[in-house]
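*Asks:* Here the protein sequences line up with chains P and S, keeping their order.
Our numbering puts the first residue of the first sequence at 367, with every later residue one more than the last.
Our numbering puts the first residue of the second sequence at 367, with every later residue one more than the last.
Idealized CB from N, CA, C, for every residue including glycine.
First, the structure itself, so that you have it in front of you.
There are 2 protein chains.
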Amino acid sequence: MMNWLQKLFSNPSDQLTLDLTPILGFQPKNASLYHQALCHSSVDVSKYGDNERLEFLGDSILSTVITEHLYHNLPEKNEGTLTDIRSKLVRRKTLNDLAKKLEIDVLVKTNLGIKTPPSIFGNALEALIAAIYLDKGAATCKAFIIDKMISPNFSLHELEKEISSYKKHFLHWAQKKNKDCRFEVLGETGESHKKNFKIALYLAGENVATAQGSSKKKAEEAASKIACESLDV
Amino acid sequence: MMNWLQKLFSNPSDQLTLDLTPILGFQPKNASLYHQALCHSSVDVSKYGDNERLEFLGDSILSTVITEHLYHNLPEKNEGTLTDIRSKLVRRKTLNDLAKKLEIDVLVKTNLGIKTPPSIFGNALEALIAAIYLDKGAATCKAFIIDKMISPNFSLHELEKEISSYKKHFLHWAQKKNKDCRFEVLGETGESHKKNFKIALYLAGENVATAQGSSKKKAEEAASKIACESLDV
Numbered sequence: 367m368m369n370w371l372q373k374l375f376s377n378p379s380d381q382l383t384l385d386l387t388p389i390l391g392f393q394p395k396n397a398s399l400y401h402q403a404l405c406h407s408s409v410d411v412s413k414y415g416d417n418e419r420l421e422f423l424g425d426s427i428l429s430t431v432i433t434e435h436l437y438h439n440l441p442e443k444n445e446g447t448l449t450d451i452r453s454k455l456v457r458r459k460t461l462n463d464l465a466k467k468l469e470i471d472v473l474v475k476t477n478l479g480i481k482t483p484p485s486i487f488g489n490a491l492e493a494l495i496a497a498i499y500l501d502k503g504a505a506t507c508k509a510f511i512i513d514k515m516i517s518p519n520f521s522l523h524e525l526e527k528e529i530s531s532y533k534k535h536f537l538h539w540a541q542k543k544n545k546d547c548r549f550e551v552l553g554e555t556g557e558s559h560k561k562n563f564k565i566a567l568y569l570a571g572e573n574v575a576t577a578q579g580s581s582k583k584k585a586e587e588a589a590s591k592i593a594c595e596s597l598d599v
Numbered sequence: 367m368m369n370w371l372q373k374l375f376s377n378p379s380d381q382l383t384l385d386l387t388p389i390l391g392f393q394p395k396n397a398s399l400y401h402q403a404l405c406h407s408s409v410d411v412s413k414y415g416d417n418e419r420l421e422f423l424g425d426s427i428l429s430t431v432i433t434e435h436l437y438h439n440l441p442e443k444n445e446g447t448l449t450d451i452r453s454k455l456v457r458r459k460t461l462n463d464l465a466k467k468l469e470i471d472v473l474v475k476t477n478l479g480i481k482t483p484p485s486i487f488g489n490a491l492e493a494l495i496a497a498i499y500l501d502k503g504a505a506t507c508k509a510f511i512i513d514k515m516i517s518p519n520f521s522l523h524e525l526e527k528e529i530s531s532y533k534k535h536f537l538h539w540a541q542k543k544n545k546d547c548r549f550e551v552l553g554e555t556g557e558s559h560k561k562n563f564k565i566a567l568y569l570a571g572e573n574v575a576t577a578q579g580s581s582k583k584k585a586e587e588a589a590s591k592i593a594c595e596s597l598d599v
C-alpha cells in the first residue's frame, strides 16, 4: 500500500493530474496530453512533445466556443459587434492574464526562467484547451471555457460598451502613455459616390497601422483597430 | 391529397428543403434557418433575417473543423505548416469557388443581379454551415464540411507542397500577371544577435504589404504571405 502511494505521488504524471484537477473541475484521463500541453519547446520534449500543435488546435476551439457563446447570448447584436467582443476575449493579453489567474503559469515547463514571456502561459492555456477537448470531448471543453474562463471574468455587456470605438480606445491609451498620436491621409481614390481613403496611424512618429475605408472616419477606425490588436492595447 | 401535394411544392420553404437535400446529403429540419443562411442583406429580410450573424458563426465552425481535421490527418506536420494549409482552405476564393461547385450560389437570394460579387456566395456557404450546426448538431456539420467540401476537392499533401514558400508563390503570380514586384528594406534594428528587419513589398509600384522578421528572408516571406492573403493570390 505504502509502495503504491509512494509511486503515485512520486510519479510526475500523477502529480500533474493532482495539480490540474481543482483547476479544471474534473480529473484528466490521459495525463500525457496535459503534460504535452504544458511543455514549452525550450525544455526537453522527447517524452511528450512540445505544445505547439496542441496550441494550434486549442486556439481555434477557443475561438469557436466563444463565437457560439456570443451568438446565443447576444441575439440582438450584429456580427460587427460580436467580432469586436470576440477579439477582446481571445486576444493575447486576455489569455496571458487568464493563464495566471487560473494558476496554469506555475505548471508550465520552460527553460527560460524569469525571462519567460507571458505569452508562453497564454499559449499553454490554448494547448490545455485542446488537451481537454481530445481527452474529455467537446462538452467538457466548452464547459471549461465558459464556466472557468469566461463567465467568472467577463461581462459581455461591459465588453460591448468598451469597444464602441477603437479610435477612442486607442487615443485614450496613447494619451495615458503620453505618446503623440496622429492620423495621416495617404491617398484618396474613386468617384465621389465610391470613395476610398487610405490612412496611416502614427504613434510617437512611427507608422503603426495603415488601413482603407469608404470614409476617413471608417479608415481611421480600421487603422485604430489594427493598432489595438497588434500593440495589444 | 392533391391539395397537400400542391401546398408542399408551392411552399417556398419546402422548395428550399427539396433543393438543399441532395446538396447536403440529408433533409433539413428547421427550414427557416436555411432560408436565413441564404438570404443576403440586399433583399427583404423581414421574414427570416439576413445571414450575417450565421456567417459569423459558420466561419468559425468551418475553421475549427478544418483545424481538427488537419491536426489528426497530418500528425507529422508542425503548426506553421498546418496554419498555412488551413489558410488556403478557408480563404475567400476557396469558399466562393466551393459555393459554386456545390450549387449553393443559385439558391442565394440577393438584389444585386449579375453584379453579385462571388464573395456573397462564399459568405452564404459559411452561413449554411452554421445553419447545419444549429439544425442538426456538430457531427452532421463536421461530416458536411469534410465529406462534401474538403475531401472531394482537396488533397492535403498537394496543398502542403503548394505552400512551401509564399514568396515564390507571390513572385510567380506577379510574373504571370506581368506586374513588376519588388521588396524594399524599410528598416533594420537590434543588435547583431537579435536583428529585426522591416520590409515592404511593392506590386506595380504600390505598397501591398509590410512585415517584420529576424532576417530579410523571414520578413520577405511574411510580407508575401500578407500579400497573398489580402490579394487572394
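#1: Buried or exposed for S/G479, please, with buried defined as at least 16 other CB atoms from any protein chain shown within 10 angstroms of its CB.
#2: Could you give the DSSP three-state label for S/G488: helix, strand or coil?
#3: Between P/Y400 and P/L386, is the Cβ-Cβ spacing less than 7 Å?
#4: Decide if P/L597 is buried, meaning its Cβ has at least 16 other Cβ atoms within 10 Å, or exposed.
#5: Flag this pair as touching only if the region 484-500 of chain P and the region 405-425 of chain P have three or more C-beta atom pairs under 8 Å; answer yes or no.
#6: In this structure, does DSSP put S/K545 in helix, strand or coil?
#7: Excluding sequence positions up to five away, which residues of its chain have a Cβ less than 7 Å from the Cβ of S/K373?
#8: How many angstroms separate the CA atom of P/F563 from the CA atom of P/S580?
#9: Between P/S485 and P/N462, is the Cβ-Cβ spacing less than 7 Å?
#10: List the whole-angstrom C-beta distance separating P/T506 from P/F392, where the pair is believed to meet the contact cut-off of C-beta under 8 Å.
#11: Beta-carbon of P/T482 versus every beta-carbon of chain S: anything under 7 Å?
#12: Could you tell me whether the Cβ of S/E469 comes closer than 7 Å to any Cβ of chain P?
#13: If we cut at 7 Å on Cβ distances, does P/Y437 have a partner in chain S?
#14: From P/T476 to P/K466, what distance separates their C-alpha atoms?
#15: Could you give the distance in angstroms between the alpha-carbon of S/D416 and the alpha-carbon of P/S558?
#16: Please name the residues in the region 441-467 of chain S whose beta-carbon is closer than 9 Å to at least one beta-carbon of chain P, in chain order.
#17: To the nearest whole angstrom, what separates the beta carbons of S/A589 and S/A570, a pair I think is in contact under 8 Å?
#18: Taking the DSSP output, what are the residues bridged to P/T555?
#19: Quick check on S/T482: does DSSP put it in helix, strand or coil?
#20: Check whether the Cβ of P/R548 lies closer than 7 Å to any Cβ atom in chain S.
#21: What residues from chain S crowd round P/E421, counting only those whose CB sits closer than 9 Å?
#22: Terminal residues of the continuous alpha helix (DSSP H) containing P/A403?
#23: Between P/I516 and chain S, is any beta-carbon pair separated by less than 7 Å?
#24: Quick one: which residues of the region 481-514 of chain S get their C-beta closer than 7 Å to a C-beta of chain P? List them in chain order.
#25: Please confirm whether any heavy atom of the ligand FAD lies closer than 6 Å to the CB of P/R457.
#26: Thinking C-alpha only, which one of P/S531, P/G446, P/F549 and P/V431 is nearest P/E492?
#27: Is the region 525-538 of chain S close to the region 398-413 of chain S, with three or more CB pairs under 8 Å?
#28: Verify the CB distance criterion: does S/S590 have a CB-CB separation below 7 Å to chain P?
#29: Between S/S426 and chain P, is any beta-carbon pair separated by less than 7 Å?
#30: Restricting to Cα atoms, I'd like to know which of P/L537, P/F536 and P/L468 is closest to P/K514.
#31: State yes or no: is the C-beta of P/A593 within less than 7 Å of the C-beta of P/F549?
#32: Please classify S/T383: does DSSP put it in a helix, a strand, or coil?
*Replies:* This is what the structure holds:
#1: exposed
#2: helix
#3: yes
#4: exposed
#5: yes
#6: coil
#7: Low confidence applies here, because S/K373 scores a pLDDT of 49, under 50, leaving its location unreliable and the question unanswered by this model.
#8: 6 Å
#9: yes
#10: 6 Å
#11: no
#12: no
#13: yes
#14: 15 Å
#15: 29 Å
#16: P441, K443, N444, E445, G446, L448, T449 and R452
#17: The Cβ separation is near 15 Å, so there is no contact.
#18: P/N562
#19: coil
#20: no
#21: E445
#22: A397 to A403
#23: no
#24: A504
#25: Among the components modelled here there is no ligand, and therefore nothing to report on the ligand FAD.
#26: P/V431
#27: no
#28: no
#29: yes
#30: P/L468
#31: no
#32: helix
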